[in-house]
Amino acid sequence: MSPTATRINEKQQGGRVGLAVVAGFFATVGSMLGKLAGNAGMDSVVGFLLKGILLVLMVTSNTVGCTFFVKALNASGSSLPCTIASAATSYVCSALAGSLIFNESTSMTWWCGISLVILGLFFICHSPTKTDYTPSKLKKQ
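If you read the sequence shown in my numbering, its first letter stands for residue 145, the second for the next number, and so on.
Take a look at the structure:
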């Protein structure tokens, strides 16, 4: 494969992964809205309406996220990069949202663990190309 074709292929891969990242972000927003809806009280009409609005927004966010994920899958030759990008984005965004919005704590051990999971996912996703290999020199006998 020529260097130009490789660059074009990498650009297309980046676009597919970008759609998957957006899907992971919307999945996080949907989860956050669901948690907010679960915490909303139903002791008044306002609380009941708030809970209903949050649930509708949650379903909408998840639907939009699924739409972006399906677009990423359709544009990709393999589901693996899209799944990895979406999952990694969702993991990190969920931790940040939990910490910033819900005042949840995450330990350094948790961050190290999720970093290893994401690193492992990227290693699984990486498929070496011909340019990644250098020809070995044959030993002269």
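Think of the CB as a built atom: it goes at the ideal place given N, C-alpha and C, for glycine as much as any other residue. Model, not experiment: these values are computed from the prediction.
Item to check | Whole-angstrom distance between residue 181 and residue 265, CA atom to CA atom | outcome: 32 Å
Next on the checklist: Between which residues of its own chain and residue 174 is the CB-CB distance below 7 Å, once the five residues before and five after are set aside?
Outcome noted: 202, 205, 206, 209
Checklist entry - If you compare alpha carbons, which of 161, 165, 198 is closest to residue 238? => result 165
Checklist entry - What residue range is occupied by the uninterrupted alpha helix (DSSP H) comprising residue 85? => result The displayed coordinates of the chain run from 145 to 285. Any statement about residue 85 would go beyond what the structure contains.
Checklist entry - For the stretch 249-268 against the stretch 217-228, are there 3 or more C-beta pairs whose distance is under 8 Å? => result yes
Item to check | Straight-line Cα distance separating residue 177 from residue 192 | outcome: 15 Å
Checklist entry - Which first and last residues belong to the alpha helix (DSSP H) in which residue 250 is found? => result That residue, residue 250, is in no alpha helix (DSSP H); it is neither H nor E in DSSP.
Checklist entry - Measuring CB to CB, does residue 172 end up less than 9 Å from residue 253? => result no
Checklist entry - From what residue to what residue does the alpha helix (DSSP H) around residue 231 run? => result 223-244
Next on the checklist: Between residue 168 and residue 231, how many whole angstroms is the CB-CB distance? I'm expecting something under 8 Å.
Outcome noted: 7 Å
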